[in-house]
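Every letter in the sequence shown is one number past the one before it in numbering that gives the first Met the number 0, and letter 36, counting from 1, is 35.
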Amino acid sequence: MTLSSYSDVFGISHDREHDEEIRAGDLVATGANLHPYFEVLAVNGEKAWVRNVQNGADHLALVSRCRRLGGVLEGLAIAAE
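Following this line, the structure appears as structure tokens:
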């Protein structure tokens, strides 16, 4: 069997550890950190159509890997003041 990504090689799980409803219009991240940001365009089952807000590239992502950024971004804005 050939391992296809660093996540497979190092056994890294990108799934979020809590239940969260992801909807069209949400701002999300899909990795362990906060970048890049994606806008959710549509959700169908376990997949989300997302757009990178920095470069406009569209992608499909697993909903289980999307984390909403609303509260996180507000916290960062407060910390920056």
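For each residue, glycine too, the CB sits at the ideal point set by N, CA and C.
Item, Value
"Expected contact under 8 Å - CB spacing of Gly24 and Val39 to nearest Å", "6 Å"
"Outcome for Ala41 when other beta-carbon atoms lying within 10 angstroms are tallied against a minimum of 16", "exposed"
"The beta strand (DSSP E) enclosing Ala60, as first and last residue numbers", "Asp57 to Leu61"
"Assumed close pair Glu45, Val62 - CB separation to whole angstroms, cut-off 8 Å", "5 Å"
"Close beta carbons around Gln53, own chain, < 8 Å, minus the five adjacent residues each side", "Pro35 and Tyr36"
"Whether Glu19 touches Arg50 by CB criterion (8 Å)", "no"
"Any beta strand (DSSP E) of 3 or more consecutive residues that is wholly inside the stretch 15–54", "26–28, 37–43 and 46–51"
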